[in-house]
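Shown next, in structure tokens, is the structure this report addresses.
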Amino acid sequence: MTDPETDPAALADRLLDAQVAWALGELTGERFAAVVAEDVDRVLEVAATLRLGDVVAHDDLVAVAQRLARDVVTSPVVLGLTEPEAGEVHRTLLAEEATLGEVVDRADVEALVQRVVAMHDVRDRVLDGLVESPATAQLTARLVSRIVTDVLTQQRSRAEKVPGVSSLLSLGSGAVSRVGKVGVGDYQLDKLLGDAVGAGAQFTMRRTTAIVREVVTDAVLQEVALELFDLQAGTPVGELVAVVEEEDVVDLATRGRAVLDGLLDRGAGAALADRLVGATVARFLDEHATTDLATLLDDLGVGRDHLVELVRTLAPPVLAAARESGVLEHAVRERLAPFWSSAEVRAVLGAAGGPA
Numbered sequence: 004m005t006d007p008e009t010d011p012a013a014l015a016d017r018l019l020d021a022q023v024a025w026a027l028g029e030l031t032g033e034r035f036a037a038v039v040a041e042d043v044d045r046v047l048e049v050a051a052t053l054r055l056g057d058v059v060a061h062d063d064l065v066a067v068a069q070r071l072a073r074d075v076v077t078s079p080v081v082l083g084l085t086e087p088e089a090g091e092v093h094r095t096l097l098a099e100e101a102t103l104g105e106v107v108d109r110a111d112v113e114a115l116v117q118r119v120v121a122m123h124d125v126r127d128r129v130l131d132g133l134v135e136s137p138a139t140a141q142l143t144a145r146l147v148s149r150i151v152t153d154v155l156t157q158q159r160s161r162a163e164k165v166p167g168v169s170s171l172l173s174l175g176s177g178a179v180s181r182v183g184k185v186g187v188g189d190y191q192l193d194k195l196l197g198d199a200v201g202a203g204a205q206f207t208m209r210r211t212t213a214i215v216r217e218v219v220t221d222a223v224l225q226e227v228a229l230e231l232f233d234l235q236a237g238t239p240v241g242e243l244v245a246v247v248e249e250e251d252v253v254d255l256a257t258r259g260r261a262v263l264d265g266l267l268d269r270g271a272g273a274a275l276a277d278r279l280v281g282a283t284v285a286r287f288l289d290e291h292a293t294t295d296l297a298t299l300l301d302d303l304g305v306g307r308d309h310l311v312e313l314v315r316t317l318a319p320p321v322l323a324a325a326r327e328s329g330v331l332e333h334a335v336r337e338r339l340a341p342f343w344s345s346a347e348v349r350a351v352l353g354a355a356g357g358p359a
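Counting in our numbering, the sequence shown tops out at residue 359, every number present.
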């Protein structure tokens, strides 16, 4: 009969039980906090000896980054979060009592405004594009016409208050009205005047943009932008956000999401996204190829203390639930069992259990 004290299989089973119990003790309870600190220190000690360029291949990292960018952005989880997260963001901002000036530093706004207004090429290109737009030219012509009409109307109202002027204005209006009905070929004069206004729309637009370039200087733009900020700086963020309804925010987020999805679904859009990711990764590798992994993590804001705190905070609830359900013990045992049941270990145990 086989002696359980010396039988290799029985010894292996008992050693497996002991190792599983030890591993569970390391992964849960008070011991876990110390284990995390020890393991993080060991990992960082090794990481300090490895440079990024030596352990990461450029093409592999680019491929992984491109795949993550596509898969994560288009994943069902992220897609499902678009509407509820947009609504949650709106509700959170709506309840915010801090003022705009408390949330956003004026100095940062000023620096941003200075940089934006100094982008003359962008401003000129926008204005040139507006000049070439027929719809914009027509709109500008109508606006200018409306302004002139309003000014003349106001002046007429004032003039009519002068004795005798009202009758003269009425006589002039009647004459103009009759002239407007005179036919010229197949066109009436009012139609010709309308065509003239349309033909002059482009000229009006060019003159308007020229005036904008002359009047709207960097100093003016900066002053206006900062004045607008100052006017709202004392207003709670919630009041500023309240002008937009939650359903509008959700709708905009959904439509923006659709634009992004459409871009990634198109061949040219997907290729552009891949090139952008690839260029970003390449730049990152070029700058940090000689940096060791431990220093790189620290530079990214994920230092030793942060890693320890992160694992100590997130892991215990998961491990405790897994141990309570028996899943953790099963996983540990399943991982260790092949070692103890291997022929090599059984041979060692058999030799150790033999006669002295």
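Glycine included, every Cβ here is placed at the ideal spot set by N, Cα and C.
Helix, strand or coil for residue i, going by three-state DSSP, please let me know.
i: Asp10; result: coil
i: Glu48; result: helix
i: Asp295; result: strand
i: Arg1; result: The first residue shown for the chain is 4 and the last is 359, placing residue 1 beyond what the model contains.
i: Thr77; result: coil
i: Ala350; result: helix
i: Met208; result: helix
i: Val246; result: coil
i: Leu322; result: helix
i: Gly306; result: coil
i: Glu135; result: coil
i: Met4; result: Its pLDDT being 49, under 50, Met4 is placed unreliably in this model, and the coordinates cannot settle the point.
i: Thr152; result: helix
i: Ser344; result: coil
i: Leu339; result: helix
i: Glu33; result: coil
i: Ala60; result: coil
i: Val227; result: helix
i: Gly259; result: helix
i: Val215; result: helix
i: Gly28; result: helix
i: Val187; result: Residue confidence is low: Val187 scores 46 on pLDDT, short of 50, so the model does not pin down where it sits. Its coordinate-derived value is still stated next. Val187 falls in the strand class under three-state DSSP.
i: Thr220; result: coil
i: Gly329; result: coil
i: Leu192; result: Residue confidence for Leu192 is low, a pLDDT of 44 falling below 50, so the modelled location carries little weight; the figure read from the coordinates is stated next. Helix at Leu192.
Pull the bridge partners of residue i from the DSSP assignment, please.
i: Pro239; result: Thr102
i: Arg54; result: Asp295
What whole-angstrom Cβ distance do residue i and residue j have, given they're in contact under 8 angstroms?
i: Val280; j: Ala60; result: Contact doesn't hold; Cβ gap of about 16 angstroms is too wide.
i: Phe35; j: Pro341; result: Contact flag wrong, Cβ pair sits at about 25 angstroms.
i: Leu352; j: Pro11; result: 4 angstroms
i: Gln235; j: Gln117; result: About 19 angstroms separates the two Cβ atoms, so there is no contact after all.
i: Arg97; j: Ala256; result: Note that residue 97 is Leu in the sequence shown here, rather than Arg. At roughly 15 angstroms, the Cβ-Cβ gap does not stay under 8 angstroms, so Leu97 and Ala256 are not in contact.
i: Leu267; j: Val75; result: Going by Cβ atoms, the distance from Leu267 to Val75 rounds to 11 angstroms, so no, they are not a contact pair.
i: Val284; j: Leu64; result: 6 angstroms
i: Val311; j: Ala40; result: 5 angstroms
i: Gly56; j: Leu288; result: 7 angstroms
i: Thr212; j: Val134; result: 5 angstroms
i: Val240; j: Glu99; result: 4 angstroms
i: Ala50; j: Val348; result: Ala50 to Val348, Cβ: 32 angstroms. No contact.
i: Leu339; j: Leu30; result: Actually they are not in contact, since the Cβ atoms of Leu339 and Leu30 sit about 13 angstroms apart, beyond 8 angstroms.
i: Ala140; j: Met208; result: 4 angstroms
i: Ala72; j: Ala276; result: 7 angstroms
I'd like to confirm something about residue i: is its beta-carbon nearer than 8 angstroms to some heavy atom of the ligand FAD, or not?
i: Leu96; result: Summarising the ligand content, the structure contains no ligands, and the ligand FAD is consequently not present.
Between residue i and chain B, is there a C-beta pair that is closer than 9 angstroms?
i: Leu300; result: No chain B is part of this structure, which consists of one protein chain only.
**Report entry** Contact the region 46-53 vs the region 248-259: 3+ CB pairs below 8 angstroms
**Finding:** no
Query raised in the report: Three or more beta-carbon pairs under 8 angstroms between the region 223-232 and the region 108-122, yes or no?
Result: yes
Requested in this report: Mind the definition here: the region 21-35 touches the region 332-340 only if three or more C-beta pairs lie below 8 angstroms; say whether that holds.
Outcome: yes
Requested in this report: Evaluate the contact criterion for the region 82-102 versus the region 291-299: three or more CB pairs, one atom per stretch, below 8 angstroms.
Outcome: no
Query raised in the report: At what residue ranges does the region 81-130 contain a whole run of the alpha helix (DSSP H), taking only runs of 4 or more?
Result: With a minimum length of 4 residues, the continuous alpha helix (DSSP H) runs that stay inside the region 81-130 are 103-106, 109-120.
Query raised in the report: Three or more C-beta pairs closer than 8 angstroms, one from the region 206-226 and one from the region 119-129: is that the case here?
Result: yes
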